[in-house]
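Notes follow once the structure below has been shown.
What follows is the structure, given as structure tokens:
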């Protein structure tokens, strides 16, 4: 980990993704909530401006009165980020993105994720690279879920991905950031935003990601599966802000031994 | 004629368009996207796009996801 010298504080640049500036550095998913109302309230409480959705078949036997997710999370109020969750091949991911673009009237920002296997939902990076190339060629702005390999992250950036989103831990695991050093290396090498996507379990995990210099964090389960999702959404909002502030402030160096906070001079004993 | 809609067989009158199908599915006016044989059919073309026997149609929408 690099030492932060007093004179070299990180620059406080706003979060800009594909040419648009965002105030919130917390991106949230819309899955696993009890109902649509809870989804809406939690997202409001999180302060997120970018919200992910999945694209799925419309059920033939669906209740026509059931509210549509995009009525609750309106594209007029939020940047909708369709994902390719559930795709295990580049081909399926590209198809999903094209359907999403049609669904969202030409909106071309997508979250690409190509999964490798069901048990870990770890990204299949070879398929991810193939899909990213094809999508970028087709005009999509690709935010890419990826492994925390600094070289692959750089390659995705060089290809033209608009944001690099390494996992902190497996999707939905809540294990927190498992390899801080890799995340830090990816942040240092990148000129596009780096967001931890997946693995956050509680507020301190989100703070750690931000303290490492990440530009944002994308999470879903940590909020949706909390006992009180609306309160956890607020906790995450605060955690992201705290971590960002701490990163910008530049933390003190770690030392093995104590260093007294009160002066030694002037003691009367 | 018979088409596959979201993986299930469906009987439609000859000459049925995507708009006909969407109406039959009680989805008219909903925000959705349609693919026929793995090609997107833009919303503006739904009224004129005639389906053929054996077409594989996908009708999708946005749902909660991370």
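Protein chains in written order, with UniProt numbering: chain A, 1 to 269; chain B, 1 to 66.
Every residue, glycine too, gets a C-beta built ideally from N, C-alpha and C.
Could you tell me the alpha carbon to alpha carbon distance between residue i and residue j, rounded to whole angstroms?
i	j	result
residue 51 of chain B	residue 9 of chain B	14 Å
residue 66 of chain B	residue 260 of chain A	46 Å
residue 212 of chain A	residue 247 of chain A	7 Å
residue 8 of chain A	residue 250 of chain A	9 Å
residue 180 of chain A	residue 15 of chain B	59 Å
residue 48 of chain B	residue 6 of chain B	21 Å
residue 199 of chain A	residue 264 of chain A	45 Å
residue 126 of chain A	residue 94 of chain A	14 Å
residue 37 of chain A	residue 113 of chain A	27 Å
residue 5 of chain A	residue 195 of chain A	Low local confidence applies: a pLDDT of 49 at residue 5 of chain A is under 50, so the model's placement there is unreliable, with the coordinate-based value given in what follows. Cα to Cα, the separation comes out at about 24 Å.
residue 197 of chain A	residue 18 of chain B	37 Å
residue 141 of chain A	residue 258 of chain A	49 Å
residue 55 of chain A	residue 184 of chain A	32 Å
So with CB distances below 8 Å, who are the chain B contacts of residue i?
i	result
residue 212 of chain A	In chain order: nothing, as chain B lies at least about 21 Å away.
residue 179 of chain A	Residues of chain B passing the Cβ test: none, with the nearest at roughly 21 Å.
Starting from residue i, follow its DSSP beta bridges and name the residues at the other end.
i	result
residue 50 of chain A	A:27 and A:79
residue 163 of chain A	A:143
residue 216 of chain A	A:195
residue 111 of chain A	A:83 and A:143
residue 272 of chain A	Here chain A covers residues 1 to 269 and nothing more, so residue 272 of chain A does not appear.
residue 57 of chain A	B:60
residue 2 of chain B	B:11
residue 123 of chain A	A:115
residue 53 of chain B	Looking at the DSSP assignment, residue 53 of chain B forms no beta bridge with any residue, so it has no partner.
Tell me where the beta strand (DSSP E) around residue i begins and ends.
i	result
residue 35 of chain B	33-36
residue 20 of chain A	20-22
residue 43 of chain B	Looking at the DSSP string, residue 43 of chain B is not in any beta strand (DSSP E), and its letter there is neither H nor E.
residue 58 of chain B	56-64
residue 171 of chain A	First-last for residue 171 of chain A: undefined, no H or E at that position.
residue 10 of chain B	8-11
Start and end of the alpha helix (DSSP H) containing residue i?
i	result
residue 212 of chain A	That residue, residue 212 of chain A, is in no alpha helix (DSSP H); it is neither H nor E in DSSP.
residue 92 of chain A	90-103
residue 243 of chain A	229-249
residue 189 of chain A	180-189
Output, in chain order, the set of chain A residues within a Cβ distance shorter than 8 Å of residue i.
i	result
residue 37 of chain B	In chain order: nothing, as chain A lies at least about 12 Å away.
residue 3 of chain B	Near residue 3 of chain B there are no residues of chain A at all, since even the closest Cβ is about 13 Å away, more than 8 Å.
Could you work out which residues of chain B lie near residue i, taking near to mean beta carbons separated by less than 9 Å?
i	result
residue 54 of chain A	62, 63, 64, 65 and 66
What does residue i reach in chain B if we use C-beta pairs closer than 7 Å?
i	result
residue 182 of chain A	Those within 7 Å of residue 182 of chain A in chain B number zero; the least Cβ separation is about 22 Å.
residue 98 of chain A	40
residue 175 of chain A	Those within 7 Å of residue 175 of chain A in chain B number zero; the least Cβ separation is about 15 Å.
residue 167 of chain A	Chain B residues near residue 167 of chain A: none, gap ~12 Å exceeds 7 Å.
residue 30 of chain A	64 and 65
residue 229 of chain A	None at all; the shortest Cβ gap to chain B is about 12 Å.
Inset, instruction - Could you name the residues of the segment 102-125 of chain A whose beta carbon sits closer than 7 Å to any beta carbon of chain B, in the order they occur along the chain? - result: 102 and 103
Inset, instruction - Return the residues of the segment 40-57 of chain B that lie within a Cβ-Cβ distance of less than 9 Å from chain A, sorted by chain order. - result: 40, 41, 42 and 43
Legend entry - Selection of the segment 7-40 of chain B by Cβ proximity to chain A, strictly under 7 Å: 8, 25, 26, 27, 30, 31, 32, 33, 35, 38 and 40
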